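Adding 30 to a residue's 1-based position in the sequence shown gives its number in this note's numbering.
Presented below is the structure to which this report refers.
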Amino acid sequence: MRRCAIFDLDGTLVDTPRGIVTTFAAVFAQLDLPTADSPTIRGTIGLGLPAAFAKVLGVPEDEPVVSRCVDLYRPTFRKIVLPVATGLVFPGVYDGLRSLRDNGFLLAVATNRFIAPAEELLTAAGLRDEFSVVVGADEVAHPKPDPGAGLLVLDRLGVAPRNAVMVGDTTYDIDMAHGAGMSSVAVTYGVHGVDQLLSAEPTCLAGSFGEAVAAVQRTTS
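What follows is the structure in structure tokens.
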């Protein structure tokens, strides 16, 4: 039986939320836009970049200022966050991923980052070689919470939904898992709090990456 574990990236594998907030602020400064507060920016993490900037700015996604922000975000993030990426990997991630692979799991990432910056971050963090498949938001019609990314991972790996589990720190991840027919593990150390995660009805909660690994093994046994 082929089993797979699919992981969100930001807030699940790598502690990038602080860097994301800093990057948003730097982008706004470059465009002479008012600075948003940290909770407002953190509340958009997990959305695609156009949706995130539109929400923070309070404008539609098709406004030209949104595309200017998105264009500036990637080189700014690359400069601020990538050089320190290995220090941002959550405790237990390296060992946990290898443990899952040693136990026969296929590993994948489904992220609302576009594929190129997702690959850059995983490589900078020393994690890329752990994953058989990485799916970015620009490879599907709609980002999470739409199930498209999860279904694409399953198709590429040849794994049935009942033998897959999604691990993520936001309701977008859990909703994607529901839509794709797979189990889910919500980690509580990322962006969304426990009550918000529970509202999406994950299969189980995990307070650390080690707990998430144990939950993955239980839910697919």
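Glycine included, every Cβ here is placed at the ideal spot set by N, Cα and C.
Everything numeric in this text was worked out from a predicted model, so none of it was measured.
The beta-carbon distance between Val183 and Ala138, rounded to whole angstroms, is 5 Å. This is short enough to meet the 8 Å contact definition.
A direct Cα-Cα distance of roughly 15 Å separates Glu169 from Pro80. By DSSP's assignment, Cys234 forms a beta bridge with Val215. For Ala35, the three-state secondary structure derived from DSSP is strand.
In terms of Cα proximity to Leu130, the closest of Val100, Ile204 and Ala194 is Ala194.
For Ala244, the enclosing alpha helix (DSSP H) begins and ends at Phe239 to Thr249. In the DSSP assignment, Phe135 falls within the beta strand (DSSP E) that extends over Phe135 to Ala140. Note on the segment 128-206: whole beta strand (DSSP E) runs with a minimum of 3 residues are 135-140, 163-165 and 194-198, in chain order. Counting along the chain, the unbroken alpha helix (DSSP H) around Phe107 starts and ends at Pro94 to Ile110. Under DSSP, Val44 forms a beta bridge with Asp40 and Val119.
Taking C-beta atoms as the reference points, Val51 and Arg72 count as a pair closer than 8 Å.
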